[in-house]
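Encoded as structure tokens, the structure appears first; notes follow it.
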Amino acid sequence: MKEYAVPAAVEVDQDLNITDLLERQVTENPGNVLFGRQLSPGEWTDVSAASFRDDVVSLAKGMMAKGIGAGDRVAIMAATRYEWTLLDFAIWYAGGVTVPIYETSSPSQIAWIVEDSQVKMVFAETDSHAKAVDRAITQEKLDSVEHLLTIDSEDLNELRRLGSDVSDLEVETRRSAATLADLSTIIYTSGTTGKPKGCELTHGNFVELSLNGTASLHEAINSSSSTVLFIPLAHVFARFISVICVAAGARVGHTADIKELVDDLGTFKPTFLLAVPRVFEKIYNAAMMKAEGDGKGKIFQKAAQTAIDYSKAQESGSAGLGLKLKHAVFDKLVYSKLRARMGGEVKYAVSGGSPLGARLGHFFHGVGLHVLEGYGLTETTAPLTVNAPQATKIGTVGQPLPGCAVKIADDGEILGKGVCVFRGYRNRPDLADETFDQDGWYRTGDIGSLDDEGYLSITGRKKEILVTAAGKNVAPAQLEDQIRADAIVSQVVVVGDGRPFVAALITLDPETLPVWLQRHDIAEDTPMAELIKHPTIINHIQSVVDAANESVSRAESIRTFRLLEDDFTIESGHLTPSMKIRRADVMRDYAEVVENLYADAAQARAEQS
1 MKEYAVPAAV
11 EVDQDLNITD
21 LLERQVTENP
31 GNVLFGRQLS
41 PGEWTDVSAA
51 SFRDDVVSLA
61 KGMMAKGIGA
71 GDRVAIMAAT
81 RYEWTLLDFA
91 IWYAGGVTVP
101 IYETSSPSQI
111 AWIVEDSQVK
121 MVFAETDSHA
131 KAVDRAITQE
141 KLDSVEHLLT
151 IDSEDLNELR
161 RLGSDVSDLE
171 VETRRSAATL
181 ADLSTIIYTS
191 GTTGKPKGCE
201 LTHGNFVELS
211 LNGTASLHEA
221 INSSSSTVLF
231 IPLAHVFARF
241 ISVICVAAGA
251 RVGHTADIKE
261 LVDDLGTFKP
271 TFLLAVPRVF
281 EKIYNAAMMK
291 AEGDGKGKIF
301 QKAAQTAIDY
311 SKAQESGSAG
321 LGLKLKHAVF
331 DKLVYSKLRA
341 RMGGEVKYAV
351 SGGSPLGARL
361 GHFFHGVGLH
371 VLEGYGLTET
381 TAPLTVNAPQ
391 ATKIGTVGQP
401 LPGCAVKIAD
411 DGEILGKGVC
421 VFRGYRNRPD
431 LADETFDQDG
441 WYRTGDIGSL
451 DDEGYLSITG
461 RKKEILVTAA
471 GKNVAPAQLE
481 DQIRADAIVS
491 QVVVVGDGRP
501 FVAALITLDP
511 ETLPVWLQRH
521 DIAEDTPMAE
531 LIKHPTIINH
541 IQSVVDAANE
551 SVSRAESIRT
561 FRLLEDDFTI
571 ESGHLTPSMK
581 IRRADVMRDY
591 AEVVENLYAD
601 AAQARAEQS
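Residue 249 in UniProt numbering sits at position 249 of the sequence shown; the count goes up by one each step and never skips.
Encoded structure:
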């Protein structure tokens with residue numbers, strides 16, 4: 001199949017905007033709890049729709065009193081927290097446009113975003129964030145920013161007091177002025193290559209996608225649902241979920257400290273989670289390492305395989321009695337404990353950012369967590385496709401959401417169209433022809449295929465396809481995803497563009513290594529510089545690479561690899577905030593390593609001959 005479209009499930013009034021989603025909640029059920037606000041570890045206080053709206057209006061009035069007008073850009077630089085969403089809606093109520101800035105951004109990155117979008121007001125989370133913004137403004141002599149406020153201070157209370165002279169009519173007039181066609185936010189792509197581009201998303205992108213999304217995902221996201229957001233709200237994925245939860249009346253909690261996530265899940269008890277595949281890999285690997293550390297590794301392996309077999313059998317409708325009994329036994333011994341670590345109430349998980357893989361998808365489904373894997377980009381307001389609860393095919397990223405369509409170009413590129421697609425890049429009209437084809441389809445830059453039922457599968461990024469010296473096309477993601485699933489592997493970058501064969505750079509996961517080392521009689525305090533040369537570890541990684549190679553032809557297989565002492569991280573500049581590899585930066589910083597890798601291989605072959 002080359003094209004698949006799903007008609008819109010909801011007809012949306014053109015005069016609506018994102019704030020109307022909250023207004024509907026207040027009108028229909030003002031006491032409905034929309035947020036759980038964490039006051040201290042384990043202590044959550046409920047925030048009703050009416051209370052949330054009242055505070056949103058109070059802050060919006062303060063912004064208006066400080067001179068924020070319709071269409072003015074207001075930036076938020078903060079970790080994932082309740083105030084992020086509070087300010088987001090307040091900006092919209094004031095008629096403004098929200099510009100997210102990742103809390104990890106450098107002064108130069110901040111300066112680029114502020115200058116390109118002409119930000120008028122900035123909300124920084126802490127004093128250190130405020131100093132970074134101030135440094136960016138000073139160094140680049142930026143004159144658009146008139147107000148710099150800090151969330152962790154009295155600035156928000158001062159804003160509330162300042163707005164007391166602004167009338168309800170004034171803020172209502174401002175709030176209701178925007179329509180579906182108007183700009184709601186400018187999200188700068190974290191960018192795996194080049195300078196970030198500002199994606200202009202409209203109120204319509206969020207409103208139409210949210211209302212159509214709730215129709216498709218109602219079983220998972222509704223007024224009885226709840227979730228804890230922990231991925232950055234500066235990222236479109238978490239931002240969309242934040243908006244759709246308001247549309248559905250679901251309860252949302254926030255946590256920025258991943259180390260406290262398990263405890264937060266235990267006290268909040270969410271019914272669904274939002275995460276990128278790497279989080280699911282870590283949950284699986286941590287559970288496996290814990291089991292092995294407790295001497296129950298074989299039991300866990302049997303339980304994991306049973307979960308996978310059970311999920312596959314359910315999908316085909318042929319789960320036999322013996323498999324059901326095994327599954328029931330492991331449910332008490334293993335699966336229930338895993339669910340308990342996620343709060344005990346989780347039934348669904350929305351996964352995006354990169355392919356999860358069929359094995360992990362079946363594993364989590366088999367333990368009682370239905371993973372709704374989807375696909376999208378910042379340019380598609382997050383989800384273009386998703387596996388809905390009632391229409392799931394594990395191993396794919398689902399069908400288009402209602403109101404959206406997917407098309408596969410002749411060269412395999414995935415094209416998208418519909419209510420989710422952005423209107424273009426800010427200040428870059430020169431990219432229009434490169435971004436959209438002549439029929440208005442958005443060029444995603446990803447390669448994939450559609451099956452006969454319209455389910456999409458992802459092969460990899462078009463620009464990341466490697467072409468070896470022999471002319472063989474290789475999709476790195478297929479190999480990287482399989483290798484990265486191993487318990488002690490953190491990141492993988494497959495190389496080989498213009499080279500005689502395919503190779504890989506691999507880093508080890510410091511979180512899971514200690515238990516693995518203990519099991520293999522290797523001192524836990526062994527320096528990483530020694531571990532990457534240890535025969536036991538090299539042999540293990542070789543076996544992982546060999547297993548991944550079985551899924552591709554010999555010409556596409558990894559012939560050699562190099563273990564690196566330092567991991568690829570957001571801080572090192574080698575991962576985006578959504579945990580995607582910045583391939584160009586890795587290739588630049590590790591160019592000498594790659595050269596030596598191929599030189600060593602060539603020398604080894606010469607010596608053998």
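For each residue, glycine too, the CB sits at the ideal point set by N, CA and C.
For clarity, every value in this text was computed on a predicted model and none was experimentally measured.
query, result
"Looking at residue 254 and residue 25, is the spacing between their C-beta atoms short of 9 angstroms?", "no"
"Mind listing, in chain order, the continuous beta strand (DSSP E) runs of no fewer than 3 residues lying wholly within the stretch 413-483?", "413-418, 442-450 and 456-461"
"When you compare the CB positions of residue 50 and residue 123, do they come within less than 9 angstroms of one another, or not?", "no"
"Let me know the alpha helix (DSSP H) ranges lying completely inside the stretch 189-219, each 4 residues or longer, listed in chain order.", "203-216"
"Quick one, are the C-beta atoms of residue 125 and residue 78 less than 9 angstroms apart?", "yes"
"For the beta strand (DSSP E) that residue 251 lies in, which residues bound it at each end?", "251-254"
"Taking Cβ to Cβ, would you say residue 353 is nearer than 9 angstroms to residue 579?", "yes"
"Would you tell me roughly how many angstroms separate the C-alpha atoms of residue 1 and residue 454, rounded to the nearest one?", "7 angstroms"
"Is residue 553 close to the ligand HEM? I mean its beta-carbon at under 8 angstroms from any heavy atom of the ligand.", "Absent from the structure shown: the ligand HEM. Ligands present: none."
"Please decide whether residue 173 counts as near chain D, where near means a Cβ-Cβ distance under 9 angstroms.", "You won't find chain D in this structure, because it holds only one protein chain."
"Whose C-beta lies closer than 6 angstroms to the C-beta of residue 472 among residues of the same chain, with five residues either side of it excluded?", "555"
"Could you tell me whether the stretch 2-21 touches the stretch 394-401, where touching means 3 or more Cβ pairs closer than 8 angstroms?", "yes"
"What's the C-alpha gap between residue 96 and residue 134?", "22 angstroms"
"Classify residue 527: buried if its beta carbon has 16 or more other beta carbons within 10 angstroms, exposed otherwise.", "exposed"
"Output the distance between the C-alpha atoms of residue 267 and residue 139, rounded to the nearest integer angstrom.", "44 angstroms"
"I want to know whether the stretch 456-469 touches the stretch 424-436 - three or more CB-CB distances under 8 angstroms.", "no"
"How about residue 349 and residue 370: are their beta carbons less than 9 angstroms apart?", "yes"
"Would DSSP call residue 229 helix, strand or coil?", "strand"
"Using the beta-carbon count (16 or more within 10 Å), is residue 569 buried or exposed?", "exposed"
"Touching or not, the stretch 65-74 and the stretch 157-168, by the rule of three or more beta carbon pairs under 8 angstroms?", "yes"
"Can you tell which of 483, 468 and 598 has the C-alpha that lies nearest to the C-alpha of residue 548?", "483"
"Which of helix, strand or coil does DSSP assign to residue 370?", "strand"
"Going by C-alpha distance, which of 216, 98 and 249 is nearest residue 28?", "249"
"Taking C-alpha atoms, which residue in 449, 424 and 448 lies nearest to residue 437?", "424"
"Just the C-alpha distance for residue 282 and residue 553, rounded to the nearest angstrom, thanks.", "29 angstroms"
"Using a Cβ-Cβ cut-off of 8 angstroms (strictly less than) and excluding sequence neighbours within five positions of residue 396, which residues of its own chain qualify?", "373, 387, 451, 455, 456 and 457"
"Tell me, please, which residues DSSP counts as bridged to residue 122.", "75 and 148"
"Considering only DSSP beta bridges, list what residue 68 is partnered with.", "Paired residues: none, contrary to the question."
"Measuring alpha carbon to alpha carbon, tell me which residue in 441, 310 and 419 is nearest residue 12.", "419"
"Apply the 10 Å Cβ neighbour rule to residue 429 and answer buried if 16 or more other Cβ atoms are within range, or exposed otherwise.", "exposed"
"Note down, in chain order, each residue of its chain lying with its Cβ closer than 6 angstroms to the Cβ of residue 45, except the 5 sequence neighbours on either side.", "37 and 39"
"Between which residues of its own chain and residue 193 is the CB-CB distance below 7 angstroms, once the five residues before and five after are set aside?", "For residue 193, the pLDDT reaches just 49, beneath the cut-off of 50, and the residue's location in the model is therefore unreliable, leaving the point undetermined."
"How would you write the range of the beta strand (DSSP E) that residue 383 sits in, first residue to last?", "382-386"
"When the distance is taken between beta carbons, is residue 220 closer than 9 angstroms to residue 70?", "no"
"Using the Cβ count rule (16 or more neighbours within 10 Å means buried), how would you classify residue 592?", "exposed"
"Roughly how many angstroms separate the alpha carbons of residue 113 and residue 229, rounded to a whole number?", "24 angstroms"
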